[in-house]
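A short write-up of the structure that comes next.
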Amino acid sequence: MNSKIKILETKIAEAMQGGGAKRIDAQHKKGKLTARERLHFLLDENSFQEIGMMVTHRSNDFGLEKEKYPGDGVVTGYGTINGRHVYVFSQDFTIFGGSLSETHAEKICKIMELALKNGAPLIGLNDSGGARIQEGVVSLGGYADIFYRNVKASGVIPQISAIMGPCAGGAVYSPAMTDFILMVENTSYMFVTGPNVVKTVTHENVTSEELG
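Residue numbers (our numbering): 2 to 213.
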């Protein structure tokens with residue numbers, strides 16, 4: 002029994018590290034908090050209850066089977082803000098750039114369904130480069146599932162989005178359908194596609210700040 006508890010404790014510690022110390026340091030150098038740090042400051046002390054901490058992606062393409070991180074790039078759960086019950090998800094840029102995989106989307110959809118069922122606000126802390134391209138249409142299908150629930154929840158529960166980093170493509174379509182969008186000055190951007198793609202297609206030089 003003790004050995005099993007130690008294994009569980011090791012896995013929990015691994016999940017708490019996100020993409021690892023180096024990537025966390027890189028996040029901090031950009032003036033950004035990690036996904037878990039954001040939830041720590043957002044929610045009432047000790048109120049957060051995590052769901053899906055040990056989830057990992059199911060992809061075996063492009064060597065992804067060798068890169069698996071507990072949580073798969075998003076921290077999901079519920080807690081309280083000033084005593085009020087809320088459901089939250091916080092994307093972790095230190096894991097695959099916060100990109101959305103099939104299981105990443107499933108975690109977000111589960112939180113959205115629970116928020117609807119319980120009539121509680123939904124808060125999304127978005128920090129994602131968009132779809133995890135290695136998973137192809139499976140990842141895009143995950144966005145479709147999220148968009149469906151955005152529409153389903155519209156007018157039923159408050160949906161609040163905070164753009165915490167450079168979000169592109171599908172990562173900004175969902176926030177656009179929510180009730181409130183908050184952005185962080187100098188570190189968050191919203192655009193359909195990034196400056197490099199714009200330059201390639203239109204030969205126009207634009208900065209992230211100008212674009213989104």
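The C-beta atom is built at its ideal place from N, Cα and C for all residues, glycine as well. Owing to the predicted nature of the structure, the values given are computational and were not obtained by experimental measurement.
Listed as beta-bridge partners of Ser60 by DSSP are no residues whatsoever.
With a contact defined as Cβ atoms closer than 8 Å, Arg59 and Thr104 qualify at about 6 Å. The beta carbon of Leu183 sits closer than 6 Å to the beta carbons of Ala163 from its chain, once the five residues preceding and following it are set aside; these are given in chain order.
Separation of the CB atoms of Ala16 and Gly98 is rounded to 18 Å, and the pair is thereby denied contact status at 8 Å. For Gly21, the closest C-alpha among the options Ile52, Gly53, Met55, Tyr70 is that of Tyr70. Cβ contact annotation for Gly137 (same chain, cutoff 7 Å, sequence separation greater than five): none.
Under DSSP, Gly80 takes part in a beta bridge, and its partners are Val87. Burial state of Val173 is buried, judged by a 10 Å Cβ sphere holding 16 or more other Cβ atoms. DSSP assignment within the segment 129-182 yields the following whole alpha helix (DSSP H) runs of 4 residues or more, N-terminal first: 138-154, 171-177.
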